[in-house]
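So the structure is just underneath, and the comments pick up after that.
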Amino acid sequence: MNLSKNAWSNLVICILLASAVFLAARLWLDFPGSEKKIQADVESDKVLSEDSLLKIFRPEHLLVRTEDGKSYMLRDSNDFFAENIEKIKDIFLDLSGKGLEQINEELYIQLLSAPSVTMCFDTQINTRALVNLLGSQKRSDLEKSIPFEFSEVYLGQNGLLCIKNKQGYFLFKGKAKGIDIDDYIKNVKKQNPPEYYCLREKYGSKNNVYYPKDYYICSEKIKYVNGLENLTRKYKLNFAERFLKSDINYIGEIQEQDVLTYVYGLRSLKLRDDGSLFYTNGQDPKEERPNFYKSLEAALNFIGELTGIEDDLYISKIEEIDSQAHKGFKIYCNFRQDSFPIILKEEASYIEVEAYNDFIKSYRQFYRRPYENPGYYMEKIHPVSPEKIFESYMSQKNIDIKNYAEDFLAFLNSVKSIRPVYLDSKEGEFNGFLKPALEIVTDGGKIYMDPKNANIIMEVK
């Protein structure tokens with residue numbers, strides 16, 4: 069009988085699965101209830117501390133507006149967020165009584181021109197999930213509060229508070245008590261951070277996009293490498309035991325050309341040569357109502373326990389899984405370096421977790437890490453002007469500029485945001501170093517440009 073290579077691999081996997089199930093059954097007989105304990109350890113216990121959760125959910129940046137009309141964008145927002153999170157949680161709980169009033173964009177723009185601190189987040193955040201994860205003593209109030217999502221939280225003088233989400237802008241009818249933005253703004257001015265200007269105010273464009281004014285970006289020259297490439301067998305076995313929650317004696321192992329697979333029962337872990345690891349649980353989730361908070365908590369605890377990753381992690385995107393059989397959530401996470409987001413060039417994110425309440429169906433991670441003893445140094449980069457960005461983009465896309473003023477304004481009107489980021493490449497581009505870039509979000513997608521010369525590095529539609 070002639071079998072193809074794939075057929076032989078599938079046959080071996082089936083045999084190992086059957087063997088692992090048999091051995092697991094023997095293990096459960098020896099240790100009654102061990103499977104339930106494993107399930108609880110991975111998917112129910114709270115692993116991450118509140119300090120770690122604060123770092124994960126912290127704003128991507130703070131936009132600070134002073135009385136003299138100057139704007140500052142602060143990337144390191146840990147202190148402000150940590151100092152005021154309890155008051156912010158109380159505000160979210162108080163929405164049951166006070167509620168929100170929708171306002172138009174024009175009024176929100178007026179608010180941004182007044183002294184204020186605006187917290188801008190990487191993705192839409194659910195208030196109930198945030199309050200639950202960070203802990204609340206007011207559980208009865210939480211049940212009465214209004215659940216909503218936000219991507220920006222505006223804090224003005226005299227307790228003025230406004231939020232922004234996909235549906236629009238909403239003014240808090242009550243007052244944000246106890247948050248003193250005046251002293252914070254004074255302290256920011258004393259530090260003399262880099263100043264930003266609003267493209268709408270300078271050029272008359274329609275969006276509130278901020279750009280650095282006459283300053284340089286401090287970029288760290290740092291190298292990232294494949295974290296799985298030189299792992300010893302001992303470390304790989306440790307990975308298998310941690311993810312599959314079993315002694316290595318009961319775990320099956322399959323070595324193929326570019327992937328090493330470990331199997332225990334219906335669970336498997338694949339370690340690939342490209343630096344990716346993929347965990348999957350072949351069991352079906354329970355048929356129950358999807359709970360976003362439970363799914364998010366389970367995903368973050370899974371990451372924290374099995375990888376030890378806590379700092380510099382942030383949630384970049386959340387998608388609902390709405391299949392006929394089960395409903396859950398796919399949570400995407402990325403990392404920061406020097407408070408700048410790191411974008412993996414070839415993939416949507418570094419980490420993807422598929423969660424159904426407290427059940428983790430799958431986990432994928434591109435295991436990248438800073439190179440040891442690299443001799444890092446800081447590089448000062450003066451970013452090009454918006455005009456240079458426009459001219460370079462039109463030239464590289466072979467688009468004729470017919471009327472400079474009109475075409476430039478049309479280009480700016482399409483821009484939703486601009487921010488400095490690092491680009492990473494699992495394929496070894498940029499000689500293994502993180503590549504500083506400007507991420508320009510437009511109506512048509514994302515453009516990544518070299519901040520020194522505005523050359524297009526890549527585009528994402």
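Residue numbers for the sequence shown, in the numbering used here: 69 to 529. Beta carbons: idealized from backbone N, C-alpha and C, even for Gly.
Spatial distance of residue i from residue j (CA atoms)
i, j, result
"residue 34", "residue 340", "What the structure shows of the chain is the stretch from 69 to 529, and residue 34 is not part of that stretch, so it cannot be assessed."
"residue 90", "residue 161", "Only weak support is given to the placement of residue 90: the predicted model assigns it a pLDDT of 37, under 50, and the value that follows is read from those uncertain coordinates. Spanning the two alpha carbons is a distance of roughly 50 Å."
"residue 311", "residue 376", "12 Å"
"residue 334", "residue 349", "6 Å"
"residue 462", "residue 524", "11 Å"
"residue 125", "residue 469", "42 Å"
"residue 219", "residue 453", "27 Å"
"residue 121", "residue 471", "50 Å"
"residue 384", "residue 411", "10 Å"
"residue 230", "residue 264", "22 Å"
"residue 250", "residue 365", "35 Å"
"residue 457", "residue 516", "11 Å"
"residue 483", "residue 413", "21 Å"
"residue 262", "residue 332", "53 Å"
"residue 301", "residue 308", "11 Å"
"residue 144", "residue 459", "32 Å"
"residue 38", "residue 157", "The question about residue 38 has no answer, for the chain in this structure spans 69 to 529."
"residue 281", "residue 479", "19 Å"
"residue 93", "residue 322", "In this predicted model, residue 93 has a pLDDT of only 31, less than 50, meaning its place in the structure is not dependable enough to derive any value."
"residue 135", "residue 226", "14 Å"
"residue 382", "residue 500", "23 Å"
"residue 140", "residue 344", "38 Å"
"residue 399", "residue 421", "5 Å"
"residue 510", "residue 324", "43 Å"
"residue 574", "residue 196", "Since the displayed the chain opens at 69 and closes at 529, residue 574 lies outside it and no answer follows."
"residue 233", "residue 137", "25 Å"
"residue 346", "residue 336", "8 Å"
"residue 409", "residue 179", "28 Å"
"residue 492", "residue 292", "8 Å"
"residue 466", "residue 371", "45 Å"
"residue 521", "residue 464", "12 Å"
Residue i - partner residues in DSSP beta bridges
i, result
"residue 488", "506"
"residue 438", "292"
"residue 423", "397 and 428"
"residue 402", "382"
"residue 390", "395"
"residue 344", "434"
"residue 129", "188"
"residue 408", "405"
"residue 501", "291"
"residue 447", "287"
"residue 152", "Per DSSP, none; premise fails for residue 152."
"residue 338", "329 and 346"
Whole-angstrom C-beta distance between residue j and residue i, which should lie under 8 Å
i, j, result
"residue 397", "residue 387", "7 Å"
"residue 238", "residue 170", "5 Å"
"residue 294", "residue 436", "7 Å"
"residue 455", "residue 476", "7 Å"
"residue 303", "residue 405", "Not quite, the Cβ-Cβ distance comes to about 24 Å (not below 8 Å), so this is no contact."
"residue 519", "residue 488", "7 Å"
"residue 486", "residue 506", "6 Å"
"residue 552", "residue 275", "Summary: the structure shown does not reach residue 552, with the chain confined to residues 69 through 529, and so no result is reported for it."
"residue 131", "residue 278", "7 Å"
"residue 48", "residue 223", "This structure leaves residue 48 out entirely; the chain is present only between 69 and 529."
"residue 286", "residue 155", "32 Å between Cβ atoms; not a contact."
"residue 434", "residue 529", "The Cβ separation is near 21 Å, so there is no contact."
"residue 354", "residue 427", "7 Å"
"residue 128", "residue 190", "5 Å"
"residue 217", "residue 446", "The pair is not a contact, with the Cβ atoms about 37 Å apart (cut-off 8 Å)."
"residue 153", "residue 201", "The pair is not a contact, with the Cβ atoms about 11 Å apart (cut-off 8 Å)."
Span of the beta strand (DSSP E) around residue i
i, result
"residue 224", "217 to 224"
"residue 327", "327 to 332"
"residue 192", "184 to 194"
"residue 240", "236 to 240"
"residue 418", "Here residue 418 belongs to no beta strand (DSSP E), and DSSP marks it neither H nor E."
"residue 263", "263 to 266"
"residue 516", "513 to 517"
"residue 457", "Residue 457 -> not in any beta strand (DSSP E); alpha helix (DSSP H) instead, spanning 454 to 464."
"residue 467", "That residue, residue 467, is in no beta strand (DSSP E); it is neither H nor E in DSSP."
"residue 322", "320 to 323"
"residue 232", "229 to 233"
"residue 524", "524 to 528"
Residue interval of the alpha helix (DSSP H) (run including residue i)
i, result
"residue 370", "360 to 375"
"residue 139", "Not the alpha helix (DSSP H): residue 139 falls in the beta strand (DSSP E), residues 139 to 142."
"residue 179", "173 to 180"
"residue 472", "472 to 482"
"residue 254", "249 to 259"
Any beta strand (DSSP E) of 3 or more consecutive residues that is wholly inside the stretch 273 to 308 = For the beta strand (DSSP E) assignment, the uninterrupted runs of no fewer than 3 residues enclosed by the stretch 273 to 308 are, from N- to C-terminal side, 278 to 280, 285 to 289 and 292 to 294.
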